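Enquirer:
In full-length UniProt numbering, the protein residues as written are 1 to 618.
1. Could you compute how far the alpha carbon of residue 414 sits from the alpha carbon of residue 483?
2. Would you give the residue range spanned by the beta strand (DSSP E) that residue 415 belongs to?
3. If you pair each beta-carbon of the segment 30 to 43 with each one of the segment 88 to 95, do three or more pairs fall below 8 angstroms?
4. Just reading off the alpha helix (DSSP H) that residue 598 is part of, what are its end residues?
5. Quick test of your reading: residue 299 and residue 511, contact by CB under 8 angstroms. State the CB separation rounded to the nearest angstrom.
6. So, helix, strand or coil for residue 195, using DSSP?
7. Buried or exposed for residue 80, going by 16 or more other Cβ atoms inside 10 Å?
8. Can you say whether residue 233 is buried or exposed, counting buried as having 16 or more other CB atoms within 10 angstroms of its CB?
9. With a cut-off of 7 angstroms, does the C-beta of residue 481 fall near any C-beta of chain D?
10. Name the residue from 420, 436 and 438 whose alpha carbon lies nearest to the alpha carbon of residue 430.
11. According to DSSP, is residue 289 helix, strand or coil?
12. Taking the alpha carbon of residue 220 as the reference point, which residue from 236, 195, 235 and 231 has its own alpha carbon closest?
13. May I ask which residues mark the beginning and end of the alpha helix (DSSP H) holding residue 496?
14. Does the Cβ of residue 602 have 16 or more other Cβ atoms within 10 Å, making it buried, or fewer, making it exposed?
15. Can you tell me which of the three DSSP states residue 145 falls into?
16. Measure the C-alpha to C-alpha separation of residue 612 and residue 365 and round it to an integer number of angstroms.
17. To the nearest angstrom, how far is it from the Cα of residue 372 to the Cα of residue 378?
18. To the nearest angstrom, how far is it from the Cα of residue 180 to the Cα of residue 226?
19. Using beta-carbon positions only, say whether residue 531 and residue 128 come within less than 7 angstroms of one another.
20. Which term fits residue 152, buried or exposed, when burial requires 16 or more other beta carbons within 10 angstroms of its beta carbon?
21. Going straight from the alpha carbon of residue 599 to that of residue 591, what length do you get?
22. Give the straight-line distance between the Cα atoms of residue 497 and residue 558, rounded to the nearest whole angstrom.
23. According to DSSP, is residue 383 helix, strand or coil?
24. Measuring only the C-alpha atoms, how far is residue 283 from residue 258?
25. How would you write the range of the beta strand (DSSP E) that residue 126 sits in, first residue to last?
26. Can you find at least 3 beta carbon pairs, one from the segment 327 to 346 and one from the segment 382 to 396, that sit closer than 8 angstroms?
27. Can you find the residues in the same chain that come closer than 6 angstroms, C-beta to C-beta, to residue 101, ignoring five residues on each side of it along the sequence?
28. Could you please give the first and the last residue of the uninterrupted beta strand (DSSP E) stretch that includes residue 237?
29. Give the straight-line distance between the Cα atoms of residue 314 and residue 369, rounded to the nearest whole angstrom.
30. Compare the beta carbon distance of residue 24 and residue 96 with 7 angstroms and say whether it is the shorter of the two.
31. Tell me the rounded alpha-carbon separation between residue 411 and residue 459.
32. Ends of the beta strand (DSSP E) at residue 362?
33. Tell whether a beta-carbon distance below 7 angstroms holds between residue 242 and residue 256.
34. How would you label residue 520, buried or exposed, when you count the other beta carbons within 10 angstroms and need 16 or more for buried?
35. Is the segment 262 to 281 touching the segment 483 to 495 in the sense that three or more CB pairs, one from each, lie closer than 8 angstroms?
36. Count the other CB atoms within 10 Å of the CB of residue 121; is the residue buried (16 or more) or exposed (fewer)?
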């Protein structure tokens, strides 16, 4: 049965365009080709950018997810196949927002004027609060009533909203300008389902009393938010419990809370979860985030554990300048002392013999004078000439100044910590041992990373073959963190809560963090294409704006401790003296080697005692 496209209907369709953004419209109308051309021409004359496709038999059900904001459907309910088209659309989930529908109904037939007829047509369709369906009932030739039928949930009957009127003179008059998600936020005690991720069974008893804040902190933070959302929607909620957030198995199925959302067993996740690429196609995220991160936490190790503090007091350029200065002094000493010896009379040499300075100064004597001055020690050789004495005096004054600066810097460096460990690569090659909180998401992510650095950290320091693994509980990890030279991977708020309670004030300084998981703050997840998506989004925004989000975060999450640094005793251990011991060891080894060589030399009789101690007559 065909219905003509009169001018009034064309005018209504043009005016009704305010209900839809510029879209691609697929129309199912009982019109011929001429009427279709009239419709297209009317839309074009009104400067409306509609891509209209006329279908007389089948509705195009192929709609990509990316284009859903731009797709709408036009259906004449008086057409013979209209009910069939509606059923096809229902099976293809085409009543899910943001898809839009405009359904035309002519009320000339009195049997179709009552609500029972509408209930028979729309009562079993999945038209829920997110649906954008407008029913245009033509009352007479020049006026049309605009209705919007929907159901709060599959458990409720059809509700029909009267959203406006249209007449030939005034066009469309809306009775309520609120969007559908605002008009339909009352779900009339709809029973919703949620899931809480719990790793400690006792958490169920402390969801609202703020006890054991370090245990399942994120669940205790999110639980009040879910209750606020449910109250805003005038709904009820029941919770199930899962021991994992949910990860995809090899066969493609999902476990835990994500699995329940994917299978449609729950409506909203009760515990925030990480935003990952593989979960995007399974669940939908709400911008209600929990600012929590799991990172490697460690106390900055002493500088001596990563560097030789004996070389740090001066810059490289200063060391080079000192070296050049010492070489210059060595050359000047050699020249002046040699000149002094050759200008000494025989009588003076005899007198020096009895005073101990009998031998002609050698290169080693000059070197010992330098070493003695640098180390603030004396020298066995006593210069007599004025030039040599001036050089030695200047050497002593210069080395005294250098020594004062050097020792002052050494004291400061012994109390300093290093900030050289800032990346995962630094952590891998550092002397720090590693521990990881034994919780389900750490197990999953540590084992799944394939990039070289993270994989090496896991294989060499977390789960090395043939050795004890680094998995441990929270208390043990924080205890070892206190001892130092240990990096513990755990949730920041939980770790800092125990640190705040157990560490001394001077032990709360120097904390460093390194991100290993490299994920965003966890978000609340809901069922994919949930009919309550926009209502929950608006509720989440209100929770944030009203401070309810911040309230729970501040109550349950402990921030990084404030460092009240004060003077404390710093002991010097073997590590700090390592370079000095190495120098002493090498010196002893060299001396012992030379001693052995001298014994061998003299035993073979290579050297004859031909050198006279001195000549009395020149």
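Glycine is no exception: its CB is placed at the ideal position from the N, C-alpha and C atoms. As the structure is a computational prediction, the values presented were derived from the model and not from experiment.
Expert: Answer, in terms of the structure:
1. One C-alpha to the other measures close to 18 angstroms.
2. In the DSSP assignment, residue 415 falls outside any beta strand (DSSP E), carrying neither H nor E.
3. Contact between the segment 30 to 43 and the segment 88 to 95 is absent, with fewer than three C-beta pairs closer than 8 angstroms.
4. Residue 598 -> alpha helix (DSSP H) spans 578 to 603.
5. Going by Cβ atoms, the distance from residue 299 to residue 511 rounds to 6 angstroms, so yes, they are a contact pair.
6. Here residue 195 sits in strand by DSSP.
7. The residue in question, residue 80, is exposed, as its Cβ has fewer than 16 Cβ neighbours within 10 Å.
8. Buried, because 16 or more other Cβ atoms sit within 10 Å of the Cβ of residue 233.
9. Included in the structure is just one protein chain, with no chain D present.
10. It is 420 whose Cα lies nearest to the Cα of residue 430.
11. Strand.
12. Nearest option by C-alpha distance: 195.
13. Taken as a continuous stretch (DSSP letters only), the alpha helix (DSSP H) holding residue 496 covers 492 to 502.
14. Classification for residue 602: exposed.
15. Here residue 145 sits in strand by DSSP.
16. Model confidence at residue 612 stands at a pLDDT of 46, short of 50, so the residue's coordinates are unreliable; what they give is reported in the following sentence. Spanning the two alpha carbons is a distance of roughly 19 angstroms.
17. Residue 378 has its alpha-carbon roughly 5 angstroms from the corresponding atom of residue 372.
18. Distance between the alpha carbons of residue 180 and residue 226 is about 22 angstroms.
19. Yes, these two residues count as a Cβ contact at 7 angstroms.
20. Looking at its Cβ environment, which holds 16 or more other Cβ atoms inside 10 Å, residue 152 is buried.
21. Straight-line Cα distance between these residues: approximately 12 angstroms.
22. Looking at the two C-alpha atoms, the distance is approximately 5 angstroms.
23. Residue state, collapsed to three classes: coil.
24. Approximately 7 angstroms between the Cα atoms of the pair.
25. No beta strand (DSSP E) holds residue 126; DSSP gives it neither H nor E.
26. Touching, yes.
27. Answer for residue 101: 73 and 133, listed in chain order.
28. In the DSSP annotation of this structure, the continuous segment of the beta strand (DSSP E) that includes residue 237 starts and ends at 235 to 242.
29. Looking at the two C-alpha atoms, the distance is approximately 23 angstroms.
30. The beta carbons of residue 24 and residue 96 sit no closer together than 7 angstroms.
31. If you draw a straight line from the Cα of residue 411 to the Cα of residue 459, it comes to about 39 angstroms.
32. Segment: none, residue 362 is in no beta strand (DSSP E) and carries neither H nor E.
33. Result yes, Cβ atoms of residue 242 and residue 256 sit closer than 7 angstroms.
34. Exposed, by the Cβ-count rule.
35. Output reads no: the segment 262 to 281 does not touch the segment 483 to 495.
36. It is buried - the Cβ of residue 121 has at least 16 other Cβ atoms within 10 Å.
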